[in-house]
Amino acid sequence: MTIETIVVDGLSLAKEIRDDLSSKIAERNSRGLRPPCLAVVLVGDDPASASYIKGKRRACQRVGMESEEHKLDQTVSQTKLTELIEKLNNDPLIDGILIQLPLPPQINAEEVAASVEPLKDVDGLHPLNSGRLLAGQEGLFACTPLGIMEILSRHQVPIEGSHAVVLGRSSIVGKPISLLLQQKNATVTMCHSRTKDLSEMCRQADILVAAVGVPRLVKRDWIKPGAAVIDVGVTELEGNLVGDVDFEDAKGVASLLTPHRRGVGPMTITMLLVNTLRACEMRL
Ligand code: NAP
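In this text, residue positions in the sequence shown follow our numbering: the first is 397, and each later residue adds one.
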């Protein structure tokens with residue numbers, strides 16, 4: 397049986413949301429309110445991180461948001477980094493703070509996440525925001541899971557009563573997306589590197605979210621016909637970027653499929669903008 401697969405156009409969905417954000421920011425401006433401002437902190441000179449930051453700056457500009465960059469040396473101490481974060485926490489003109497990951501080995505990333513003011517934590521990594529998500533309360537939550545929920549919602553994928561299987565249990569993707577799906581009344585199975593018979597688990601999924609970083613792990617016969625398949629993974633393999641799902645394999649089995657490029661990625665950056673506007677409005 398071949399199923400017609402809708403391939404998600406993450407760029408178009410992202411544009412819809414960004415257009416809406418532009419209007420909201422223009423409307424704020426017309427009321428004499430300043431545009432929201434995102435501060436991005438980059439430690440070191442990793443080219444991939446520098447390129448992500450450039451993308452974020454451009455995205456801010458396009459919707460009429462301000463952004464500022466703070467570059468620190470690769471050898472910076474935890475104390476210096478915390479001092480900068482403290483300064484940004486106390487700056488009334490900064491609405492969102494994003495610390496670009498990965499951080500160098502001398503820096504404790506958990507301590508850094510916990511030092512960001514929770515109301516400015518647009519990456520949703522502060523323990524208070526993670527706790528709010530766990531408790532089903534309002535807060536700022538991680539951007540990639542929020543982007544996935546937007547994709548499912550905008551494609552009218554039924555979540556309530558569905559069986560969602562999430563591959564990966566990181567704090568930035570696997571755990572928060574599992575909680576968000578559960579809040580929408582999916583029955584969620586969370587898998588990880590020690591899960592036995594992963595393929596059998598996946599075959600039970602109405603919604604399958606793959607966030608492991610293992611190239612083309614999910615094969616055709618792992619997918620239940622008609623499932624919605626969200627590929628979060630992006631790994632460099634022989635000079636190419638590859639997803640966790642074998643895209644060509646999954647086409648014709650999945651009813652909805654995100655490509656590893658122009659799928660979840662553009663939604664992640666867009667949800668960062670959404671969080672920044674929310675953070676700005678929440679503080680006011
Ligand atoms: P991570 O922190 O490395 O976590 C990976 C998770 O996958 C862990 O829970 C790990 O299990 C599990 N895992 C690893 N190998 C596995 C296997 N063979 N079978 C089952 N589970 C396995 O990664 P992450 O930050 O969540 O990111 C995951 C992927 O998504 C990466 O490729 C990353 O680049 C990508 N990503 C993309 C976006 C985007 O916007 N497109 C955003 C974020 C991340 P254990 O817990 O047992 O170790």
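Idealized CB from N, CA, C, for every residue including glycine.
Give the secondary structure of residue i by DSSP, where H, G and I count as helix, E and B as strand, and everything else as coil.
i           : result
residue 632 : strand
residue 527 : helix
residue 617 : helix
residue 622 : coil
residue 416 : helix
residue 512 : coil
residue 459 : helix
residue 652 : strand
residue 521 : coil
Here's the rule: buried if 16 or more other CB atoms are within 10 angstroms of the residue's CB, otherwise exposed. What is residue i?
i           : result
residue 617 : exposed
residue 558 : buried
residue 666 : buried
residue 502 : exposed
residue 674 : buried
residue 520 : buried
residue 588 : exposed
residue 463 : buried
residue 444 : exposed
residue 542 : buried
residue 571 : buried
residue 482 : exposed
Where do the ends of the alpha helix (DSSP H) carrying residue i lie?
i           : result
residue 397 : Premise fails: residue 397 is in no alpha helix (DSSP H) and is neither H nor E.
residue 664 : 660-679
residue 607 : Unbroken run through residue 607: none, as it is neither H nor E.
residue 503 : That residue, residue 503, is in no alpha helix (DSSP H); it is neither H nor E in DSSP.
residue 594 : 594-599
residue 645 : 643-646
Taking residue i and residue j to be in contact with their CB atoms under 8 Å, please state how far apart those CB atoms are, rounded to whole angstroms.
i           : j           : result
residue 451 : residue 421 : That belief does not hold up - the Cβ atoms of residue 451 and residue 421 are roughly 19 Å apart, past 8 Å.
residue 555 : residue 563 : Rounded, the Cβ-Cβ distance is 17 Å, inconsistent with contact.
residue 630 : residue 653 : In fact, because the Cβ distance is near 15 Å, the residues do not count as touching under 8 Å.
From what residue to what residue does the beta strand (DSSP E) around residue i run?
i           : result
residue 468 : 462-468
residue 366 : The structure shown does not extend to residue 366, since the chain spans only 397 to 680, so no value can be given for it.
residue 492 : 492-495
Ignoring anything shorter than 4 residues, give me the alpha helix (DSSP H) runs that lie fully in the segment 535-588, in order along the chain. Here the runs fully enclosed are 539-550 and 570-579.
Let me know the beta strand (DSSP E) ranges lying completely inside the segment 424-454, each 3 residues or longer, listed in chain order. 433-439
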